[in-house]
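Peer 1: Sequence lines, in order, name chains A and B.
Mapping to our numbering: the first sequence position 27 is 41, numbers consecutive.
Mapping to our numbering: the second sequence position 137 is 151, numbers consecutive.
Protein chains: 2
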Amino acid sequence: MKKLATLAFAAAALCAAVPASAQFAKPEDAIKYRQSALFVMGQHFSRIGAMANGKAPFDAKAAAEDADIVADMAKLPWAGFGAGTEGGKAKPEIWKEQAKFKEHSDKLQAETVKLAAAAKTGNLDTLKAAFGSTAGSCKACHDAFRGR
Amino acid sequence: MKKLATLAFAAAALCAAVPASAQFAKPEDAIKYRQSALFVMGQHFSRIGAMANGKAPFDAKAAAEDADIVADMAKLPWAGFGAGTEGGKAKPEIWKEQAKFKEHSDKLQAETVKLAAAAKTGNLDTLKAAFGSTAGSCKACHDAFRGR
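Set out below in structure tokens:
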């Protein structure tokens, strides 16, 4: 009986050592993964921003391609915020207020889907509006959950 | 006439200062961009590899999702290898043998499209074969163009 209890304990300990970040070989990979996905997304998003803000000529085709990449990339970073992956610029609040963090990440994904649709219209004003909403979603999450 | 020549020279100089990497604010961003895209791709590709090599249980749905992300990500890094973006682990040969480098990047993209199709069959042997071909494409390019 004691042996069984020891075995059960060992199994439980093993499970505890395999958190949601199990798909990453080590926590550093999860951190690098989310930072990489956010950086790629940010690069394409900022190109749309340059067009929306009149700092670059409006190129409807490029904007549509950028927006599709933004929408694809927006799905990825969140898997890199699993248990035990605290670090980088991520505030500890992410792991304490997971429901709120998920609300923000869901919101961003919804906004980027709208952004991609807006970009496909080829209308700069439509794109500007969608860019503004999406940027607001980025900022709200950064204000709450990103440190320096 | 002299004024016109000066103007033409100034315009040419401006063009020379706006290389293929113009979509990045600075060369470091291009380097970080390509490294980020390759890292995200590599993470998802290695998950397929773990299944193909029997180190992780075969999960057809996860493999198909990973392969779709790999195929999407495989399109991105190359824009980050524009003129004036030497650095990181990239060998200088990339900028000297651009046709050969492009052959490798085109090959990878074609292989990842096949990988995504193979993953959708839900057949592990089909996935293994496609994983092997894709991994061969990664390796060939790394051997030729990636330093340490």
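Built from N, CA and C at the ideal position, the CB exists for glycine as well.
Determine the burial state of Ala132 (chain A): buried for a count of at least 16 other Cβ atoms within 10 Å of its Cβ, exposed for fewer.
Peer 2: Classification for Ala132 (chain A): buried.
Peer 1: Give the interface partners of Asp86 (chain B) over in chain A, defined as CB-CB distance under 7 Å, in chain order.
Peer 2: What Asp86 (chain B) touches in chain A: Asp86.
Peer 1: Measuring CB atoms only, is the segment 110-117 of chain B touching the segment 50-61 of chain B, in the sense that at least three cross pairs come out at less than 8 Å?
Peer 2: The answer is no - the segment 50-61 of chain B does not touch the segment 110-117 of chain B, with fewer than three Cβ pairs under 8 Å.
Peer 1: Using a Cβ-Cβ cutoff of less than 6 Å, which residues in the same chain neighbour Arg160 (chain B) once the five nearest sequence positions on both sides are dropped?
Peer 2: Here the set comprises Lys103.
Peer 1: Secondary structure at Ala104 (chain A), three-state DSSP: helix, strand or coil?
Peer 2: Of the three classes helix, strand and coil, the one that applies to Ala104 (chain A) here is strand, per DSSP.
Peer 1: I'd like to know whether the C-beta atoms of Lys105 (chain B) and Ser151 (chain B) end up nearer to each other than 7 Å.
Peer 2: Going by C-beta atoms, Lys105 (chain B) is not nearer than 7 Å to Ser151 (chain B).
Peer 1: Starting from the C-beta of Gln123 (chain A), find all residues in its chain whose C-beta is less than 7 Å away, skip the five residues before and the five after it, and write them out in chain order.
Peer 2: Closer than 7 Å at the Cβ level, and outside the excluded window around Gln123 (chain A), lie Ala88 and Lys89.
Peer 1: Nearest by alpha-carbon distance to Arg162 (chain B): which of B:Leu129, B:Gly101, B:Glu117 and B:Ser119 is it?
Peer 2: The candidate whose alpha carbon is nearest that of Arg162 (chain B) is B:Gly101.
Peer 1: Helix, strand or coil: which one does DSSP assign to Arg162 (chain B)?
Peer 2: The answer is coil: DSSP assigns Arg162 (chain B) none of H, G, I, E or B.
Peer 1: Can you find the residues in the same chain that come closer than 6 Å, C-beta to C-beta, to Lys92 (chain B), ignoring five residues on each side of it along the sequence?
Peer 2: Looking at the sequence shown, residue 92 (chain B) is not Lys but Trp. Excluding positions up to five away in sequence, the list reads Ser119.
Peer 1: Quick check on Phe115 (chain A): does DSSP put it in helix, strand or coil?
Peer 2: Three-state DSSP puts Phe115 (chain A) in a helix.
Peer 1: At which residue ranges does the segment 55-92 of chain B contain complete alpha helix (DSSP H) runs of 4 or more residues, listed in the order of the chain?
Peer 2: Fully enclosed alpha helix (DSSP H) runs of 4 or longer: 74-87.
Peer 1: Would you report the Cα separation of Phe145 (chain B) and Asn67 (chain A), rounded to the nearest angstrom?
Peer 2: Straight-line Cα distance between these residues: approximately 43 Å.
Peer 1: Classify Thr148 (chain B) as buried or exposed, calling it buried when 16 or more other Cβ atoms lie within 10 Å of its own Cβ.
Peer 2: It counts as buried.
Peer 1: Secondary structure at Phe38 (chain A), three-state DSSP: helix, strand or coil?
Peer 2: The answer is coil: DSSP assigns Phe38 (chain A) none of H, G, I, E or B.
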